[in-house]
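Okay, structure first, notes after.
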Amino acid sequence: MADTLFSKIINREIPANIVHEDDLCLAFRDINPQAPVHILVIPRKPLPRLADATSADRDLLGHLLLTANRIAVAEGIGDAYRLIVNNGADAGQSVFHLHVHILGGRSFTWPPG
Ligand code: DGP
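Taken in order, the sequence shown gives residues 5 to 117; the numbers are from the numbering used here.
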């Protein structure tokens, strides 16, 4: 997989406001926040899209969701937040390193645009 901005953040080649880090993932504030809290959770493993994950990634994917919830609670938005995974350019994915958006701190509408 080609190097992306997010692998550069993992490797500390470009700065980011990191809020969580463990052996499997990293979480940092989105550079272009769409809500008062907007954090991205990314696996260290460079999976381009959710569609590239396999059953071998089951524990990793579960870890990303559980970590996202823990971060939401720590950020004070544990009662109401939205998680988004854009898979593919037509779904709005612009960085091809799997990431879970955590959005919170405001009301959201449905359906999303
Ligand atoms: P997506 O469109 O789902 O691929 O989301 C990519 C997000 O990544 C988008 O909300 C903006 C954010 N982003 C892009 N480049 C950077 C960066 O260099 N630093 C940080 N913190 N966020 C970035």
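The beta-carbon is built from N, C-alpha and C at its ideal position, and this holds for glycine as well. Keep in mind the model is a prediction, meaning the values are calculated, not measured.
Query                                                                                                                                                                              : Result
Where are the beta strand (DSSP E) runs, 3 residues long or more, that stay fully inside the stretch 15 to 47, in chain order?                                                     : 22 to 25, 29 to 33 and 41 to 47
Within 10 angstroms of its Cβ, does T71 collect 16 or more other Cβ (buried), or is it exposed?                                                                                    : buried
Measure the C-alpha to C-alpha separation of D94 and D56 and round it to an integer number of angstroms.                                                                           : 16 Å
Among residues of its own chain, excluding the 5 on either side of I13, which ones have a beta-carbon nearer than 6 Å to its beta-carbon?                                          : A20
Measure from the alpha carbon of P116 to the alpha carbon of each residue in F10, N90, G109 and R48, then state which is nearest.                                                  : N90
So if DSSP puts R86 in a beta bridge, which residue, or which two residues, is it bridged to?                                                                                      : L107
Might you give, ordered along the chain, the residues of its own chain that have their beta carbon closer than 6 Å to the beta carbon of F112, omitting 5 neighbours on each side? : R86
Tell whether a beta-carbon distance below 8 Å holds between V41 and G108.                                                                                                          : yes
Between I18 and the rest of its own chain, which residues show a CB-CB distance below 6 Å, the 5 nearest in sequence each way excluded?                                            : K12
So V45 and R33 are in contact, right, with Cβ under 8 Å, and what is the actual spacing, rounded?                                                                                  : At roughly 11 Å, the Cβ-Cβ gap does not stay under 8 Å, so V45 and R33 are not in contact.
Among D27, P37, I43 and G66, which one has its Cα closest to the Cα of A78?                                                                                                        : I43
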